[in-house]
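K.L.:
Each protein sequence line maps, in turn, to chains A and B. Reminder that position 58 of the first sequence reads as 58 in the numbering used here, one-by-one numbering, no gaps. Reminder that position 456 of the second sequence reads as 551 in the numbering used here, one-by-one numbering, no gaps. Ideal Cβ placement from N, Cα and C applies to all residues, glycine included.
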Amino acid sequence: MAQTWIHAPPAYEVSCVKVTIKLLNVYRKYLPDDAQGSAYTLRVARGTRFSELLAQIPVPMDERPVVLVNGSTPAAHQILVDGDVVAVFPSIAGG
Amino acid sequence: MNGWNGRLLRIDLNRHTVSTEDIDPQMAKDFIGGRGWAIRYLYDEMDPRTDSLDAENKLIFCTGPLTGTPAPTGNRYMVITKSPLTGAISCSNSGGTFPTEMKRTGFDMFIFEGKSERPVYLWVEDDRAEIRPADHLWGADTHQTVETILTETDPKARVACIGPAGERLARIAAIMNDKHRAAARSGVGAVMGAKNLKAVVVRGTQEVSLANEEEMRELCQTVQAEVGRDVKKGSALREYGTAYVPEVTNELGILPTRNFQTGQFEGVESITGQALKDKYLIRPKPCFRCPIACGRLTRVDDEGYEGEGEGPEYETIAALGSACGVDNLAAITKANYLCNELGLDTISMGATISCAMELYEKGILTDKDSGMALRFGDADAVIEMVRRTGAREGFGNLLAEGSYRMAERFGHPEYAITAKKQEFPGYDPRGSKGMGLLYATSNIGASHMAGDVAYSEVFGVPEKLDPLTTTGKPALVKRFEDAFAVIDAAGLCVFLSVRYLFDPSVELWPTRLTQIMNLATGAGYTEETLLEAGERIYNLERMFLLKAGLTKKDDTLPARMLTEPLPEGPGKGHVADLEEMLPEFYRLRGWDEDGIPTADTLKALRIDLLNPLDGDCDD
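1) Hey, is Gln3 (chain A)'s beta-carbon within less than 7 Å of any beta-carbon in chain B?
2) Is it right to say Asp34 (chain A) is buried, meaning 16 or more other beta carbons lie within 10 angstroms of its own, or is it exposed?
3) Within 8 Å, do at least three Cβ pairs link the region 683–690 of chain B to the region 612–623 of chain B?
4) Could you give the C-beta distance for Leu305 (chain B) and Asn97 (chain B), rounded to a whole number, given that I count them as a contact under 8 Å?
5) Considering only residues of the same chain and omitting the five flanking positions on each side of Ala671 (chain B), which have a CB-CB separation below 7 Å?
6) Please list the partners that Asp561 (chain B) has in chain A, where partner means a Cβ-to-Cβ separation under 9 Å.
7) What residues in the region 82–94 of chain A bring their beta carbon closer than 8 Å to a beta carbon of chain B?
8) Taking the Cβ atom as the reference point for each residue, do Phe89 (chain A) and Val66 (chain A) lie within a distance shorter than 7 Å?
9) Considering only residues of the same chain and omitting the five flanking positions on each side of Asp649 (chain B), which have a CB-CB separation below 7 Å?
10) For the alpha helix (DSSP H) that Glu630 (chain B) lies in, which residues bound it at each end?
11) Who are the neighbours of Gly368 (chain B) on chain A, taking C-beta pairs under 7 Å?
12) Check each candidate in B:Thr162, B:Gly190, B:Glu225 and B:Ala183 and name the one with the smallest Cα separation from Leu104 (chain B).
13) Mind checking who Val69 (chain A) pairs with in its DSSP beta bridge?
14) Return helix, strand or coil for Gly163 (chain B), following the three-state DSSP convention.
15) Judging by CA-CA distance, which residue of B:Ala289, B:Gln319, B:Arg199 and B:Thr411 is the nearest neighbour of Leu608 (chain B)?
16) Which residues of the region 45–66 of chain A have a Cβ closer than 7 Å to any Cβ of chain B? Give them in chain order.
17) Any beta carbon of chain A sitting closer than 7 Å to that of Phe554 (chain B)?
18) At a cut of 8 Å, does the region 220–235 of chain B reach the region 294–310 of chain B through at least three beta carbon pairs?
19) What does Arg28 (chain A) touch in chain B if you count any residue whose Cβ is under 7 Å from its own?
20) Just to confirm my understanding: we take Val295 (chain B), look at its own chain, exclude 5 residues before and 5 after, and list those with CB closer than 6 Å. What are they?
21) I'd like the span of the alpha helix (DSSP H) that includes Cys434 (chain B), first residue to last.
22) Count the CB pairs spanning the region 546–563 of chain B and the region 592–605 of chain B that are closer than 8 Å, and state whether there are at least three.
23) For Ala112 (chain B), list the residues DSSP reports as bridge partners.
24) Which residues bound the alpha helix (DSSP H) around Asn345 (chain B)?
25) Would you say Thr441 (chain B) and Thr484 (chain B) are within 7 Å of each other, going by their C-beta atoms?
26) Do you know how far the Cα of Phe126 (chain B) is from the Cα of Met197 (chain B)?
27) Answer with buried or exposed for Ala76 (chain A), where buried requires no fewer than 16 other C-beta atoms within 10 angstroms of its C-beta.
28) Mark Val517 (chain B) as exposed unless 16 or more other C-beta atoms lie within 10 angstroms of its C-beta, in which case mark it buried.
29) Excluding the 5 residues preceding and the 5 following Thr447 (chain B) in the sequence, name in chain order all residues of the same chain whose CB lies nearer than 7 Å to its CB.
30) Where Ser51 (chain A) and Thr158 (chain B) are concerned, what is the direct C-alpha to C-alpha distance, given to the nearest angstrom?
31) How would you write the range of the alpha helix (DSSP H) that Val481 (chain B) sits in, first residue to last?
32) At which residue ranges does the region 375–419 of chain B contain complete beta strand (DSSP E) runs of 3 or more residues, listed in the order of the chain?
33) Name the residues in the region 320–340 of chain B whose C-beta lies less than 7 Å from a C-beta of chain A; which are they?
34) Just confirm the distance between the C-beta atoms of Met480 (chain B) and Gly491 (chain B), as a whole number of angstroms; I'd bet it's less than 8 Å.
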């Protein structure tokens with residue numbers, strides 16, 4: 001009997017990593033509709049590196065925003081893991 | 096002269112007389128203006144050991160060569176005096192419109208000496224100056240004061256004044272100008288109150304003369320347009336004001352929370368710039384001739400917190416908000432309005448209340464002392480304590496002394512999170528180590544305005560540095576301190592460097608700034624001599640501190656910062672690591688191991704012949 005998959009097959013689930021993307025202050029306008037506050041969850045393929053993640057963040061990178069992973073600046077080749085929090089805010093001084 | 100007016104007004108409050116003096120052009124160039132001129136005069140004319148509230152202390156208002164010119168953000172002034180809070184120098188800076196009006200009177204600087212027997216105010220209308228009675232104004236809040244004064248002088252005049260807090264010599268009292276702007280830190284308002292000087296009122300119609308007007312306007316318009324364009328692209332400052340910051344510092348785990356017990360605040364979502372914009376913002380407000388417009392015109396209609404005015408700024412949201420565990424933005428904004436009306440520094444006020452809250456929760460302070468429960472998170476307690484401080488009523492009388500003296504009274508000064516007895520601004524140095532070095536070495540006590548390395552450690556300007564390392568931080572802090580000394584002295588706002596400070600591709604610093612200075616003054620600065628002037632100013636302030644009796648023991652941070660690690664967030668486990676940075680900082684500054692500028696350093700800066708420390712100079 002053929003099996004009908006109602007959810008994504010377990011093999012696919014296991015090969016994904018869930019990170020939280022937070023788009024702060026002026027970048028809120030790029031948040032997807034289902035965002036909670038200033039954050040939303042993004043599923044990326046296991047093994048995705050930070051430099052590759054940037055392409056999946058809907059903020060114009062030519063504005064040179066500050067992008068932090070768990071509060072610090074990651075190396076370009078850093079591999080993302082489940083639960084990582086990625087925060088994006090404009091590099092603008094004042095406060 | 097060009098750029099500079101070249102004249103100062105000296106006000107003898109004992110005799111109620113005024114006199115004018117010319118400024119020496121070499122001194123003008125060597126010390127730039129504003130903050131630089133003021134320290135030069137104070138160092139020469141007063142004994143730094145004088146008590147700050149004594150009549151012998153001098154109070155200086157000073158603009159810079161670029162104040163009131165087409166230079167973008169060319170609209171700041173400074174208040175310099177010996178501080179009642181720190182015992183060091185106060186260098187409080189403010190914007191709004193008063194600075195340009197003051198510059199247009201034809202005077203660069205006002206030096207207030209002595210003490211008036213009765214309350215008075217100074218009224219300067221172009222080159223005419225008069226000391227007028229202010230008995231009828233004594234006791235009035237800053238808004239009422241301005242409204243009354245405008246009816247008896249000129250409706251177009253601009254006013255800098257103290258409120259009840261300054262009159263009552265609160266060590267955390269501010270001088271408010273244009274009602275909502277503040278020269279706030281280090282208790283400058285108390286010095287004004289001690290002199291019975293209620294207000295300084297200016298009306299000026301004389302345009303500032305420029306050495307090369309056409310080229311100056313052209314260059315300034317270019318920079319103005321670039322800053323404006325840039326602000327439009329990533330316009331966090333215009334869209335949110337400095338209130339954009341709580342999210343950022345919370346993300347880095349350095350947002351002061353519950354008297355710096357931790358650096359992340361669970362209520363942060365309620366106190367963001369977005370929340371302010373959604374609920375209380377009327378519109379952004381620029382200072383005179385500024386392309387950024389970071390000011391906030393706001394209004395609160397929430398029951399119990401009704402009010403209208405400007406702000407709150409980030410520092411206010413941190414000090415009166417997260418530091419007190421309060422996430423009620425309406426209450427924070429109301430407390431901000433009250434501070435402006437009473438004439439209180441919002442940073443020191445909030446931080447002092449948060450210190451009292453920790454003492455209360457630990458049972459060191461009781462209801463008998465404070466008159467009411469003071470628990471973290473109680474927004475109404477914050478507002479009540481602000482009121483009582485302004486009136487020096489009940490526990491407010493102690494709060495008015497600042498957190499250090501208040502906590503010391505109860506035997507626990509270690510809970511006061513200060514440097515040189517001045518309360519920290521909104522960046523926990525355990526998670527932003529350069530800021531820790533800045534707080535410890537700033538000549539005005541803990542301050543972000545003395546050289547805000549958070550620009551790089553937190554905001555990524557010009558590039559994002561790791562806030563958790565100490566490597567390279569001594570050089571970074573020195574660079575920022577000297578740069579900010581130049582910007583302060585020139586009469587510019589540090590936000591001019593929104594993205595650009597030290598970014599070589601933009602050439603603002605020091606290239607275009609040097610050009611702007613020369614086009615305005617014709618003084619022939621090179622980039623080297625301009626930078627050197629900043630270093631000169633900083634070192635002369637240091638000499639004042641040393642003569643006032645401060646030592647390297649005062650270049651330190653509270654025990655919590657040095658020994659209690661951050662409990663959570665990206666900086667978890669970190670302390671301030673000051674000892675790793677301070678010796679190298681002294682070395683880079685050309686100071687000996689005791690933090691005293693060497694004779695060679697003073698000679699190189701040409702301040703060696705000015706009343707050296709007796710017997711303390713290296714030979």
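P.N.:
Reading from the atomic positions:
1) Working through the first sequence from its first residue, we reach residue 3 (chain A) at position 3. In this predicted model, Gln3 (chain A) has a pLDDT of only 46, less than 50, meaning its place in the structure is not dependable enough to derive any value.
2) Start at 1 with the first residue of the first sequence, and residue 34 (chain A) comes out as number 34. If you draw a 10 Å sphere on the C-beta of Asp34 (chain A), you find fewer than 16 other C-beta atoms in it, and that means exposed.
3) The region 612–623 of chain B is not in contact with the region 683–690 of chain B.
4) Residue numbering aside, residue 305 (chain B) sits at position 210 when the second sequence is read from its first letter. Residue numbering aside, residue 97 (chain B) sits at position 2 when the second sequence is read from its first letter. Confirmed, Cβ separation roughly 6 Å.
5) The sequence position of residue 671 (chain B) within the second sequence is 576, counting from 1. Cβ neighbours of Ala671 (chain B) within its own chain (closer than 7 Å, five residues either side excluded): Pro524, Arg525, Lys528, Gly531, Leu652, Met656 and Leu657.
6) Locating residue 561 (chain B) in the second sequence gives position 466, where the first residue counts as 1. Result: Ser72 and Thr73.
7) Answer in chain order: Ala87, Phe89, Pro90, Ser91, Ile92, Ala93 and Gly94.
8) Position 89 of the first sequence, counted from the start, is the residue given in the question as residue 89 (chain A). Position 66 of the first sequence, counted from the start, is the residue given in the question as residue 66 (chain A). With a cutoff of 7 Å on beta-carbon distance, Phe89 (chain A) and Val66 (chain A) are scored as near each other.
9) Here residue 649 (chain B) refers to the residue found at position 554 when the second sequence is read from its first residue. The answer, listed in chain order, is Lys515.
10) Taking the first residue of the second sequence as 1, we reach residue 630 (chain B) at position 535. Glu622 to Ala643 is the extent of the alpha helix (DSSP H) around Glu630 (chain B).
11) Within the second sequence, the letter at position 273 stands for residue 368 (chain B). Going along chain A in sequence order, the residues near Gly368 (chain B) (Cβ under 7 Å) are Asn25.
12) Translated into the one-based positions of the second sequence, residue 104 (chain B) becomes position 9. Restricting attention to B:Thr162, B:Gly190, B:Glu225 and B:Ala183, the CA atom closest to the CA of Leu104 (chain B) is found in B:Glu225.
13) On the first sequence, position 69 is the one that residue 69 (chain A) refers to. Partner residues in the beta bridge of Val69 (chain A), as assigned by DSSP, are A:Ser72 and A:Val86.
14) Numbered from its first residue, the second sequence carries residue 163 (chain B) at position 68. Annotated three-state conformation of Gly163 (chain B) is coil, per DSSP.
15) Within the second sequence, the letter at position 513 stands for residue 608 (chain B). Answer by Cα proximity: B:Gln319.
16) For the region 45–66 of chain A, the set of residues with a beta-carbon nearer than 7 Å to any beta-carbon of chain B comprises Glu63 and Val66, in chain order.
17) To locate residue 554 (chain B), count along the second sequence from 1; it is residue 459. It does; some Cβ of chain A falls within 7 Å.
18) Because the criterion of three Cβ pairs below 8 Å is met, the region 220–235 of chain B and the region 294–310 of chain B touch.
19) Counting from 1 along the first sequence, the entry for residue 28 (chain A) is found at position 28. Under the 7 Å cutoff, chain B gives Gln369.
20) Here the question's residue 295 (chain B) lines up with position 200 in the second sequence. Closer than 6 Å at the Cβ level, and outside the excluded window around Val295 (chain B), lie Leu217 and Ala255.
21) Numbered from 1 along the second sequence, position 339 holds the residue referred to as residue 434 (chain B). Start and end: Leu424 to Leu437.
22) Contact holds between the region 546–563 of chain B and the region 592–605 of chain B, because three or more Cβ pairs, one in each stretch, are under 8 Å apart.
23) By one-based count along the second sequence, residue 112 (chain B) stands at place 17. Here residue 112 (chain B) is Thr; the residue named in the question, Ala, does not match the sequence. In DSSP, Thr112 (chain B) forms a bridge with B:Asp107.
24) Here residue 345 (chain B) refers to the residue found at position 250 when the second sequence is read from its first residue. Counting along the chain, the alpha helix (DSSP H) containing Asn345 (chain B) begins and ends at Val340 to Glu346.
25) The residue you call residue 441 (chain B) lines up with position 346 of the second sequence. The residue you call residue 484 (chain B) lines up with position 389 of the second sequence. Going by C-beta atoms, Thr441 (chain B) is not nearer than 7 Å to Thr484 (chain B).
26) Here the question's residue 197 (chain B) lines up with position 102 in the second sequence. Here the question's residue 126 (chain B) lines up with position 31 in the second sequence. Here the alpha carbons of Phe126 (chain B) and Met197 (chain B) stand approximately 20 Å from one another.
27) For the purposes of this step, residue 76 (chain A) is identified with residue 76 of the first sequence, where counting begins at 1. The residue in question, Ala76 (chain A), is exposed, as its Cβ has fewer than 16 Cβ neighbours within 10 Å.
28) Your numbering for residue 517 (chain B) matches position 422 in the second sequence. A small correction: the amino acid at residue 517 (chain B) is Gln; Val does not occupy that position in the sequence shown. The Cβ neighbour count for Gln517 (chain B), taken over all protein chains shown within 10 Å, is at least 16; the residue is labelled buried.
29) Start at 1 with the first residue of the second sequence, and residue 447 (chain B) comes out as number 352. Closer than 7 Å at Cβ, skipping near neighbours: Ile267, Leu494, Gly497, Ser498, Met501 and Glu518.
30) Numbered from its first residue, the first sequence carries residue 51 (chain A) at position 51. Numbered from its first residue, the second sequence carries residue 158 (chain B) at position 63. Those two C-alpha atoms are separated by around 47 Å.
31) For the purposes of this step, residue 481 (chain B) is taken as residue 386 along the second sequence, with counting starting at 1. Val481 (chain B) -> alpha helix (DSSP H) spans Ala474 to Ala486.
32) Whole beta strand (DSSP E) segments, 3+ residues: 376–380, 390–395 and 402–405.
33) Near chain A, meaning a CB-to-CB distance below 7 Å, the residues of the region 320–340 of chain B are Lys328, Gly329, Ser330, Ala331, Leu332, Glu334, Tyr335, Thr337, Tyr339 and Val340.
34) What you label residue 480 (chain B) is simply residue 385 of the second sequence in a count that begins at 1. What you label residue 491 (chain B) is simply residue 396 of the second sequence in a count that begins at 1. By a beta-carbon distance limit of 8 Å, Met480 (chain B) contacts Gly491 (chain B). Their separation comes to about 7 Å.
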